[in-house]
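J.: Dumping the structure here so I can ask a few things about it.
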Ligand SMILES: *Cc1c(COP(=O)(O)O)cnc(C)c1O
């Protein structure tokens with residue numbers, strides 16, 4: 001067994017050395033995918049009867065496979081919604097794994113769940129939702145949205161008249177694809193308010209007023225977006241809240257991307273009305289500097305979520321007894337066994353303090369405004385709309401969709417930057433435009449200048 005111990009020590013050193021290097025590198029190599037056939041040729045068989053050994057497997061990962069991935073925290077990765085986990089959070093992600101804590105029930109996870117709840121309390125305070133509002137960490141925004149929508153639908157179903165009726169929810173076309181996808185999961189219909197700009201209370205009311213009595217009875221939830229993923233647009237949350245209160249339907253705010261901006265004084269007022277939501281989704285793995293994966297769902301009245309989600313089972317009863325002494329995360333979202341995925345956020349918050357978070361989010365907003373200014377000053381470029389939160393949509397005059405696409409691939413192939421085009425609704429059709437989304441406070445004005453220059 002002695003040999004095995006030495007091998008284990010060497011492997012541990014290799015892995016930890018790699019992790020430390022990666023965590024401290026602020027400008028990692030911008031990798032790109034290879035085909036499966038190419039990767040297969042490079043690495044051969046990796047899962048075999050006798051194993052290829054940790055050293056070899058790790059070598060393949062470090063020297064070949066990880067290079068076929070895109071480090072989403074690269075300062076010139078401005079596509080989709082990037083990420084920029086803090087070192088403290090990443091380190092604690094390692095600690096979370098090493099600690100083997102079951103995060104479903106207080107009975108087993110008390111000390112860790114306590115930490116998650118400290119971080120959750122901060123998220124709740126950012127929204128301004130009144131007591132007893134609280135929430136849980138999920139695997140991401142999709143799971144958070146699903147958990148919230150199930151809670152909404154179950155509440156509506158409590159009315160015997162709705163027992164065999166298919167639910168209907170209302171959202172706007174700017175809503176994230178996961179809303180429509182989760183509607184399929186829970187088998188409800190979606191009605192879209194036809195605007196990619198902010199959904200107003202008036203527009204929502206108009207849509208509701210057009211429904212016939214049967215359709216109106218099916219409406220169980222309205223989903224507003226607190227920062228659309230495409231353009232950073234925040235719906236008129238106060239206006240939507242008012243309509244939902246009047247109509248007595250569940251009001252969900254999907255702030256998976258934008259939720260981090262609740263910490264930023266410069267834009268906080270744009271979210272007014274979020275405190276009236278029945279549920280809110282925020283993804284700490286987007287704009288709150290947590291590693292993947294970490295989402296969160298917050299409820300105005302957690303008991304309503306518990307009614308929808310608490311699982312029964314004879315072997316689970318003991319947890320419930322003990323659980324009476326504490327908070328059981330499994331009761332409030334769709335997952336039973338769960339990683340304590342709020343723990344890295346907690347450690348990072350405890351390390352840096354909430355003011356540092358506010359600063360880091362403001363940096364993203366600042367970068368968007370800098371980019372906006374540079375674009376306006378550039379003769380070949382044009383803003384599609386004012387920057388919103390940390391998103392900037394802009395066009396390169398005279399470019400076709402193919403030009404944008406070629407430009408994206410050229411910059412990515414060169415290992416220089418990853419900026420992808422998107423589509424923006426213009427009257428009757430969609431225009432292909434370029435898009436920045438800033439998250440990483442290490443991105444610089446020079447990075448933006450260089451990217452814009454590559455469009456000349
Ligand atoms: C990213 C995003 C989601 C989905 O979140 P995942 O963490 O990717 O599951 C949902 N809604 C909005 C607004 C988003 O930006």
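In this note's numbering, the protein residues as written are 1 to 456. Beta carbons: idealized from backbone N, C-alpha and C, even for Gly. Note that this is a predicted model, so its numbers are computed, not measured.
Can you name, in chain order, every residue of its own chain whose Cβ lies under 6 Å from the Cβ of residue 115, other than the five neighbours on each side?
T.: As a position in the chain shown, residue 115 is number 115, starting the count at 1. Excluding residues up to 5 positions away in sequence, 343 and 346 lie with their Cβ nearer than 6 Å to the Cβ of residue 115 in the same chain.
J.: With C-beta atoms as the reference, is residue 431 less than 8 Å away from residue 308?
T.: In the chain shown, the residue the question calls residue 431 occupies position 431. In the chain shown, the residue the question calls residue 308 occupies position 308. Cβ atoms of residue 431 and residue 308: not closer than 8 Å.
J.: Could you tell me which residues DSSP pairs with residue 52 in its beta bridges?
T.: Counted from its first residue, the chain shown places residue 52 at position 52. In DSSP, residue 52 forms no bridge with anything.
J.: When DSSP builds the beta bridges, which residues end up paired with residue 137?
T.: If you number the chain shown from 1, residue 137 lands on position 137. Residue 137 is bridged to 296.
J.: Compute the minimum distance between the beta carbon of residue 81 and the heavy atoms of ligand 1, and state whether it is under 7 Å.
T.: For the purposes of this step, residue 81 is taken as the residue at position 81 of the chain shown. Flag set: Cβ of residue 81 near ligand 1.
J.: Residue 145 and residue 120: beta carbons closer than 8 Å?
T.: Position 145 of the chain shown, counted from the first residue, corresponds to residue 145. Position 120 of the chain shown, counted from the first residue, corresponds to residue 120. Cβ atoms of residue 145 and residue 120: not closer than 8 Å.
J.: Say the cut is 7 Å; is the CB of residue 286 nearer than that to a heavy atom of ligand 1?
T.: For the purposes of this step, residue 286 is identified with residue 286 of the chain shown, where counting begins at 1. The answer is yes for residue 286.
J.: Any chance you could list the beta strand (DSSP E) runs of at least 3 consecutive residues sitting entirely within the segment 162-227, in chain order?
T.: The beta strand (DSSP E) runs of length 3 or more contained entirely in the segment 162-227 are, from start to end of the chain, 168-172, 189-193 and 219-225.
J.: Quick one: does the C-beta of residue 145 sit closer than 7 Å to a heavy atom of ligand 1?
T.: Taking the first residue of the chain shown as 1, we reach residue 145 at position 145. Correct: residue 145 has its Cβ closer than 7 Å to ligand 1.
J.: Just to confirm, does residue 176 get its C-beta within under 7 Å of one of the non-hydrogen atoms of ligand 1?
T.: Here residue 176 is taken as the residue at index 176 of the chain shown, counted from 1. Checking every heavy atom of ligand 1 against the Cβ of residue 176, one is found closer than 7 Å.
J.: May I ask you to verify whether the segment 288-298 touches the segment 159-175, counting CB pairs closer than 8 Å and requiring at least 3?
T.: no
J.: Entirely within the segment 47-119 and at least 3 residues each: give me those beta strand (DSSP E) ranges in chain order.
T.: none
J.: Within 10 Å of its beta-carbon, does residue 85 have 16 or more other beta-carbons around it, so buried, or fewer, so exposed?
T.: The sequence position of residue 85 within the chain shown is 85, counting from 1. Per the 10 Å Cβ criterion, buried.
J.: With a Cβ-Cβ cutoff of 8 Å, do residue 150 and residue 171 count as a contact?
T.: Start at 1 with the first residue of the chain shown, and residue 150 comes out as number 150. Start at 1 with the first residue of the chain shown, and residue 171 comes out as number 171. Against a cut-off of 8 Å, the Cβ pair of residue 171 and residue 150 comes out as no contact.
J.: Looking only at DSSP bridge pairs, what is residue 463 linked to?
T.: With the chain covering only 1 through 456, there is no way to say anything about residue 463.
J.: Mark residue 438 as exposed unless 16 or more other C-beta atoms lie within 10 angstroms of its C-beta, in which case mark it buried.
T.: Here residue 438 is taken as the residue at index 438 of the chain shown, counted from 1. The residue is buried, with at least 16 neighbouring Cβ atoms inside 10 Å.
J.: If we call anything under 8 Å between Cβ atoms a contact, is residue 123 one with residue 277?
T.: Working through the chain shown from its first residue, we reach residue 123 at position 123. Working through the chain shown from its first residue, we reach residue 277 at position 277. Cβ atoms of residue 123 and residue 277: not closer than 8 Å.
J.: Below 7 Å, is the gap between the Cβ of residue 254 and the nearest heavy atom of ligand 1?
T.: Mapped onto the chain shown, residue 254 falls at position 254. Result yes, Cβ under 7 Å from ligand 1.
J.: Here's the rule: buried if 16 or more other CB atoms are within 10 angstroms of the residue's CB, otherwise exposed. What is residue 265?
T.: Against the chain shown, residue 265 aligns to sequence position 265. It is exposed - the Cβ of residue 265 has fewer than 16 other Cβ atoms within 10 Å.
J.: Do residue 251 and residue 219 count as a contact pair if the criterion is CB distance below 8 Å?
T.: Numbered from 1 along the chain shown, position 219 holds the residue referred to as residue 219. Numbered from 1 along the chain shown, position 251 holds the residue referred to as residue 251. Their beta carbons are not under 8 Å apart, which means residue 219 does not touch residue 251 by this criterion.
J.: Give every residue of the same chain whose Cβ lies closer than 8 Å to the Cβ of residue 413, excluding the five residues on either side of it in the sequence, and list them in chain order.
T.: Position 413 of the chain shown, counted from the start, is the residue given in the question as residue 413. These residues qualify, in order along the chain: 32.
J.: Any C-beta of chain B sitting closer than 8 Å to the C-beta of residue 429?
T.: You won't find chain B in this structure, because it holds only one protein chain.
J.: In three-state DSSP terms, what is residue 290?
T.: Along the chain shown, one-based indexing puts residue 290 at 290. Reduced to three states, the DSSP call for residue 290 is coil.
J.: Starting from residue 409, trace the beta strand (DSSP E) both ways and give me its first and last residue.
T.: Position 409 of the chain shown, counted from the start, is the residue given in the question as residue 409. Segment 401-413 is the alpha helix (DSSP H) holding residue 409; no beta strand (DSSP E) there.
J.: For residue 424, which residues does DSSP report across the bridge?
T.: In the chain shown, residue 424 corresponds to position 424, counting from 1. According to DSSP, residue 424 bridges with 431.
J.: If contacts are defined as beta-carbon pairs under 8 Å, then residue 237 and residue 227 qualify, I think. What distance do you get, rounded to the angstrom?
T.: Here residue 237 corresponds to residue number 237 of the chain shown, with the count starting at 1. Here residue 227 corresponds to residue number 227 of the chain shown, with the count starting at 1. Going by Cβ atoms, the distance from residue 237 to residue 227 rounds to 11 Å, so no, they are not a contact pair.
J.: In whole angstroms, what separates the C-alpha of residue 367 from that of residue 444?
T.: Here residue 367 corresponds to residue number 367 of the chain shown, with the count starting at 1. Here residue 444 corresponds to residue number 444 of the chain shown, with the count starting at 1. Taking the straight line from one Cα to the other gives about 8 Å.
J.: Could you check whether the Cβ of residue 342 sits closer than 7 Å to any heavy atom belonging to ligand 1?
T.: The residue you call residue 342 lines up with position 342 of the chain shown. Residue 342: no, Cβ never under 7 Å from ligand 1.
J.: Closest to residue 91 by C-alpha separation, out of 187, 22 and 59, would be which residue?
T.: Along the chain shown, read from residue 1 onward, the residue named residue 91 stands at position 91. Nearest C-alpha to residue 91: 22.
J.: Candidates 329, 49, 9 and 67: which alpha carbon is nearest residue 34's?
T.: Residue mapping note: residue 34 aligns to position 34 of the chain shown, counting from 1. Checked all of 329, 49, 9 and 67; the closest Cα to residue 34 is 67.
J.: With distances taken from CA atoms, which of 298, 198 and 436 is nearest residue 364?
T.: Indexing the chain shown from 1 puts residue 364 at position 364. Closest by alpha carbon: 436.
J.: Under 8 Å Cβ to Cβ from residue 29, same chain only, skipping five residues before and after it: list those, please.
T.: If you number the chain shown from 1, residue 29 lands on position 29. Excluding residues within five positions, the ones whose Cβ falls inside 8 Å are 67, 71 and 415.
J.: Determine the direct distance from the alpha carbon of residue 40 to that of residue 1, and round the result to whole angstroms.
T.: Your numbering for residue 1 matches position 1 in the chain shown. Your numbering for residue 40 matches position 40 in the chain shown. Low per-residue confidence applies at residue 1: pLDDT is 46, beneath 50, and the placement is therefore not dependable, though the value from the model is reported in the following sentence. Taking the Cα positions, residue 1 is about 33 Å away from residue 40.
J.: Considering only DSSP beta bridges, list what residue 388 is partnered with.
T.: For the purposes of this step, residue 388 is identified with residue 388 of the chain shown, where counting begins at 1. Answer is 391.
J.: If you follow the alpha helix (DSSP H) that residue 39 is in, where does it begin and where does it stop?
T.: In the chain shown, counting from the first residue as 1, residue 39 sits at position 39. If you look at residue 39, you'll find it in the alpha helix (DSSP H) that goes 36-43.
J.: Can you tell me whether residue 455 is buried or exposed, with buried defined as 16 or more other CB within 10 angstroms of its CB?
T.: Taking the chain shown and counting its residues from 1, one reaches residue 455 at position 455. Label assigned to residue 455: buried.
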